[in-house]
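The next block holds one structure in the form of structure tokens; read it before the comments.
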Amino acid sequence: MVIQLKDTEIIKSLFDKEYLENKKVNNSIQNNPHEKKNITTQTSTFDKIVEPLIQDKRDVVFVKLSLKLLLLVSSSIYMIFYKFSWIHFFIHAVFQAKFTVSYILMLHCCCHKNLYKPKYWYLELIIPYVLGPFLGQTLDSFYFHHVKHHHVEDNGPGDLSSTLKYQRDNWFHFVCYFSRFLFLSWIELPLYFAKKGWYLTGLRVMMGEFITLGFFVACTKYANTNGALCLLWFPFALVRFGMMSGNWGQHAFIEPTRMDDDYVQSITCINSEYNNVAFNDGYHTSHHLNPIRHWADHPGNLVEQKQKYHDKGTIIFNNLDFHLVWVALMLKDYKTLSKSYVNLNSAGLEIEKSEEDLIKIENLLRRRTKRFTQQEIIKYYGKPTSKPIYEVEKDSKPKSDQGSKKESGQYKPKHEKSTD
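The sequence shown runs contiguously to residue 427 in our numbering.
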């Protein structure tokens with residue numbers, strides 16, 4: 008049984024051996040950390056209407072969020088096609104700022120696993136296609152880049168969003184990283200799929216970019232220019248920046264001897280307000296270990312496997328999120344990172360950090376942010392190939408929690424000859 012815990016309860020479970028036993032939750036009671044409510048067996052009338060439509064009743068919150076966002080999108084459409092006013096825009100911007108992060112991570116969850124039951128497939132179109140263009144997303148790009156590319160290449164050398172070649176505490180390197188994604192992803196991602204022989208996928212990705220950006224251009228020229236700039240172009244640029252700065256933080260601390268090991272090429276952030284609005288996105292290690300693990304189950308995975316997280320050397324931060332990690336890296340603020348580092352002992356319980364511990368932690372973090380040379384990458388992964396390492400399909404069998412694809416037998420590293 009996977010124990011579902013609120014993110015704000017995780018640090019206590021790491022301190023207290025008895026806490027986990029005392030906090031076991033009956034699986035019939037669905038805990039929803041996003042709404043930060045106490046566990047309850049009461050079901051609203053709305054929930055009773057929606058639950059038969061969706062695959063997991065814990066995801067009722069996605070339907071509620073979608074309805075709120077449809078109202079927000081209606082406001083955008085009004086200002087773009089009818090009447091734009093700065094007062095309306097500033098009020099609108101407050102709500103868009105409040106809900107955008109939740110939207111991106113709702114989209115993320117629904118890209119990995121369908122929200123609705125198969126016979127209601129048409130409702131799946133609302134989140135990516137109706138809401139997406141008004142909330143910073145181009146059509147199809149997120150799904151194909153994240154699910155069919157990032158989780159396939161897993162931050163390796165074939166990943167267009169890989170952080171391996173960059174010094175992860177260098178702002179100039181981040182500017183280069185972000186600029187490449189912002190200006191070249193529209194052509195690089197389709198070319199990636201074309202090289203794999205997935206020509207229709209590549210064409211679909213390119214058409215999604217062109218159709219969305221063409222819509223933006225048409226709105227700028229023929230509708231309200233201020234409305235298009237403020238409600239289409241600005242969210243587009245801001246969301247892409249947020250996604251790449253977040254990915255930078257998620258994959259900033261990489262163990263040189265195990266570049267492909269999910270335990271040490273991704274980090275975990277706990278006890279952050281971000282997790283309450285981002286559907287536990289801070290548990291990035293758990294997510295890479297099993298991309299279709301339900302968002303509500305990530306905290307339980309950390310608690311149940313905390314000794315393995317320690318043994319593998321996973322970096323866990325308390326009271327930070329990926330964007331705060333990114334800020335600290337850009338400022339080279341290793342003091343803050345070291346103080347927020349969760350120092351687990353061999354039993355998987357957190358222990359207090361001494362001054363000597365803080366120095367060791369800072370040295371560890373600095374070592375793991377160093378860029379890898381092309382020679383080091385080739386030595387570990389082997390020479391680039393056009394053949395995918397492995398595929399991650401929506402609703403497919405999850406990866407092993409072994410962490411390293413080498414150790415789990417998921418694939419043979421490119422520097423080892425395959426006998427398949």
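Virtual Cβ for every residue (Gly too), placed ideally from N, Cα, C.
Model, not experiment: these values are computed from the prediction.
query: With three or more C-beta pairs closer than 8 angstroms as the rule, is the stretch 276-292 touching the stretch 318-329?; result: yes
query: Does the stretch 340-357 come close enough to the stretch 226-238 that 3 or more CB-CB pairs lie under 8 angstroms?; result: no
query: Straight-line CA distance for residue 371 to residue 172?; result: 19 angstroms
query: Is residue 109 buried or exposed, if buried means 16 or more other CB atoms sit within 10 Å of its CB?; result: buried
query: Counting contacts by CB-CB distance shorter than 8 angstroms, is residue 238 in contact with chain D?; result: Checking the listed chains, one finds no chain D in this structure; it contains a single protein chain.
query: Hey, quick one: how far does the beta strand (DSSP E) through residue 237 stretch, first residue to last?; result: Where residue 237 is concerned, there is no enclosing beta strand (DSSP E), given that its DSSP letter is neither H nor E.
query: Exposed or buried, which one is residue 380 when buried takes at least 16 other CB atoms within 10 Å?; result: exposed
query: Using C-beta distances below 6 angstroms, list every residue in its chain close to residue 145, excluding the 5 sequence neighbours before and after it, in chain order.; result: 215, 216 and 219
query: Give me the DSSP bridge partner(s) of residue 351.; result: 357
query: Label residue 190 either buried or exposed according to how many other C-beta atoms from any shown protein chain fall within 10 Å of its C-beta, with 16 as the threshold for buried.; result: exposed
query: Among 315, 198 and 155, whose alpha-carbon lies nearest the alpha-carbon of residue 115?; result: 155
query: Excluding the 5 residues preceding and the 5 following residue 73 in the sequence, name in chain order all residues of the same chain whose CB lies nearer than 8 angstroms to its CB.; result: 113, 133, 134 and 138
query: Sort 107, 321, 324 and 301 by Cα distance to residue 79 and report the nearest one.; result: 107
query: Run through DSSP, which three-state label would residue 4 get?; result: The question about residue 4 has no answer, for the chain in this structure spans 8 to 427.
query: Measuring CB atoms only, is the stretch 252-266 touching the stretch 303-316, in the sense that at least three cross pairs come out at less than 8 angstroms?; result: no
query: Looking at the structure shown, is residue 12 part of a helix, part of a strand, or coil, going by DSSP?; result: Note that residue 12 scores 49 on pLDDT, short of 50, meaning its location in the model is unreliable; the coordinates nonetheless yield the value given after this. If DSSP states are grouped into helix, strand and coil, residue 12 belongs with coil.
query: If you measure between the beta carbons of residue 95 and residue 298, is that distance less than 8 angstroms?; result: no
query: Relative to the C-alpha of residue 187, which candidate in 251, 266 and 124 has its C-alpha closest?; result: 251
query: When the Cα atoms are used, what is the spatial distance from residue 293 to residue 275?; result: 8 angstroms
query: Within 10 Å of its beta-carbon, does residue 333 have 16 or more other beta-carbons around it, so buried, or fewer, so exposed?; result: buried
query: When the Cα atoms are used, what is the spatial distance from residue 194 to residue 209?; result: 9 angstroms
query: Counting pairs of beta carbons, one from the stretch 316-327 and one from the stretch 161-181, are three or more of them closer than 8 angstroms?; result: no
query: Leaving out the 5 sequence neighbours to the left and right, which residues in its chain are closer than 6 angstroms to residue 247 when beta-carbon positions are compared?; result: 189
query: How close, in whole Å, do the beta carbons of residue 316 and residue 351 come, if the pair is a contact with beta carbons under 8 angstroms?; result: 7 angstroms
query: Per DSSP, what kind of secondary structure is residue 379 in: helix, strand or coil?; result: coil
query: Go ahead and pull the three-state DSSP assignment for residue 275.; result: strand
query: Indicate whether residue 152 and residue 196 have their beta-carbon atoms separated by less than 8 angstroms.; result: yes
query: Does the distance from the C-beta atom of residue 87 to that of residue 221 stay below 8 angstroms?; result: no
query: Kindly indicate the opening and closing residues of the beta strand (DSSP E) around residue 324.; result: 323-325
query: Output needed for residue 243: all residues of its chain with C-beta closer than 6 angstroms, excluding positions within five of it in sequence on either side, in chain order.; result: 143
query: Specify, as a first and last residue, the run of the alpha helix (DSSP H) that residue 108 falls within.; result: 93-119
query: How many angstroms separate the CA atom of residue 376 from the CA atom of residue 141?; result: 35 angstroms
query: In angstroms, rounded to a whole number, what distance separates the CA positions of residue 304 and residue 68?; result: 15 angstroms
query: Do residue 296 and residue 269 have their beta-carbon atoms positioned less than 8 angstroms apart in this structure?; result: yes
query: Tell me which same chain residues have a C-beta within less than 6 angstroms of the C-beta of residue 176, skipping the five on either side of it?; result: 336, 339 and 376
query: Could you tell me which residues DSSP puts in a beta bridge with residue 61?; result: 123
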